[in-house]
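Asks: According to our numbering, the sequence shown is numbered sequentially starting from 465. All C-beta atoms in this analysis are idealised placements derived from N, C-alpha and C, irrespective of residue type, glycine included. Values in this document were obtained by computation on a predicted structure and should not be read as measured data.
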Amino acid sequence: MSDANFRSVLEPVVRDAFCQTIDLPIMVADGRTDNAVFPLTVPAKPPMFGSATHASMIAMLDDASRAGFLKRTAAAMPVKERGVSLPASRQPVVTYAPTDKAAPYFRSVERKTEVGMLPFPAVCAAKGELVDVIRWSEPVDLGGRRVSQVTYRFRGVEPLSIVPDKDKARMAEPKEATLPMVLESDGWRVMPR
Numbered sequence: 465m466s467d468a469n470f471r472s473v474l475e476p477v478v479r480d481a482f483c484q485t486i487d488l489p490i491m492v493a494d495g496r497t498d499n500a501v502f503p504l505t506v507p508a509k510p511p512m513f514g515s516a517t518h519a520s521m522i523a524m525l526d527d528a529s530r531a532g533f534l535k536r537t538a539a540a541m542p543v544k545e546r547g548v549s550l551p552a553s554r555q556p557v558v559t560y561a562p563t564d565k566a567a568p569y570f571r572s573v574e575r576k577t578e579v580g581m582l583p584f585p586a587v588c589a590a591k592g593e594l595v596d597v598i599r600w601s602e603p604v605d606l607g608g609r610r611v612s613q614v615t616y617r618f619r620g621v622e623p624l625s626i627v628p629d630k631d632k633a634r635m636a637e638p639k640e641a642t643l644p645m646v647l648e649s650d651g652w653r654v655m656p657r
């Protein structure tokens, strides 16, 4: 085994290390699929029982719009909430579409849900870069599977311009992490949790 066995598996994990999902109800415009998260369409009105998270997420999106990272559009259109089987109904919504310069920072990331991996809208403060694979344990049998603990180093590169300098410096410093990997017929994979 060599670090090349793990590098291709770790790179997508590390790429999203500096991403935070945007925790808002995702509205799907009539005719679009549930998996399309950008442009992000959200209800124009906050939930009936206001949420501090909702308000802070909308404030962050509006700030990003004023900074030229997102194009904000308010409209009324047929939409339904993502994952809901009810038919679409005309509602006031706000749509946030990343500008060309912001597309690498406002994008979808895969997250595990009860129904499997799904794309979620996210804002990424930087692009995660794999620095190196430090070490891995000798594979052992665990429940009929070959498992190895892989330790790697990563850092944030190409930070979003509005990130404060102290945070840019902190993200640029290499960090160490360890993940369990499982050997499958087509190579090593991150062990599901």
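Tell me which residues share the same chain as Ala540 and place their Cβ nearer than 6 Å to its Cβ, disregarding the 5 neighbours each side in the sequence.
Replies: Your numbering for residue 540 matches position 76 in the sequence shown. Cβ within range, chain order: Arg554 and Pro556.
Asks: What are the partner residues of Arg619, as DSSP defines its beta bridges?
Replies: Translated into positions along the sequence shown, residue 619 becomes position 155. Beta-bridge pairing links Arg619 to Glu593.
Asks: Mind checking which residues open and close the alpha helix (DSSP H) that includes Glu475?
Replies: To locate residue 475, count along the sequence shown from 1; it is residue 11. That run of the alpha helix (DSSP H) goes Ala468 to Arg479.
Asks: Around the Cβ of Ala590, are there at least 16 other Cβ atoms within 10 angstroms (buried) or fewer (exposed)?
Replies: Within the sequence shown, residue 590 is the residue found at index 126, counting from 1. The residue is buried, with at least 16 neighbouring Cβ atoms inside 10 Å.
Asks: Under 7 Å Cβ to Cβ from Phe470, same chain only, skipping five residues before and after it: list those, please.
Replies: Position 6 of the sequence shown, counting from 1, holds the residue named residue 470. Result list for Phe470: Val597, Trp600, Val614, Met645 and Trp652, in chain order.
Asks: When we look at the beta-carbon of Val478 and count the other beta-carbons within 10 Å, is it buried (16 or more) or exposed?
Replies: As a first step, residue 478 must be located in the sequence shown, where it is residue number 14. By the neighbour-count rule (16 or more Cβ atoms within 10 Å), Val478 is buried.
Asks: Going straight from the alpha carbon of Ala633 to that of Met524, what length do you get?
Replies: Within the sequence shown, residue 633 is the residue found at index 169, counting from 1. Within the sequence shown, residue 524 is the residue found at index 60, counting from 1. Spanning the two alpha carbons is a distance of roughly 22 Å.
Asks: Tell me whether Lys509 sits in a helix, a strand or coil according to DSSP, three-state version.
Replies: What you label residue 509 is simply residue 45 of the sequence shown in a count that begins at 1. Note: Lys509 maps to coil in three-state DSSP.
Asks: Ignore the nearest five residues each way along the sequence and tell me which others in Val595's own chain have a CB closer than 7 Å to its CB.
Replies: Position 131 of the sequence shown holds residue 595. Here the set comprises Arg617, Phe618, Arg619 and Pro638.
Asks: Using beta-carbon positions only, say whether Arg575 and Leu582 come within less than 9 Å of one another.
Replies: Here residue 575 is taken as the residue at index 111 of the sequence shown, counted from 1. Here residue 582 is taken as the residue at index 118 of the sequence shown, counted from 1. Closer than 9 Å, so yes.
Asks: Take Arg546 as the anchor and find which of Pro476, Val621, Ala500 and Glu578 has the nearest alpha-carbon.
Replies: Residue mapping note: residue 546 aligns to position 82 of the sequence shown, counting from 1. That would be Ala500, whose Cα lies nearest to the Cα of Arg546.
Asks: Residue range of the beta strand (DSSP E) that Thr642 falls in?
Replies: Reading the sequence shown from its first residue, position 178 is the one you call residue 642. Per DSSP, Thr642 belongs to the beta strand (DSSP E) from Lys639 to Glu648.
Asks: Would you mind reading off the limits of the alpha helix (DSSP H) that contains Ala519?
Replies: As a working mapping, residue 519 is identified with position 55 in the sequence shown. Unbroken alpha helix (DSSP H) run through Ala519: Ala516 to Arg530.
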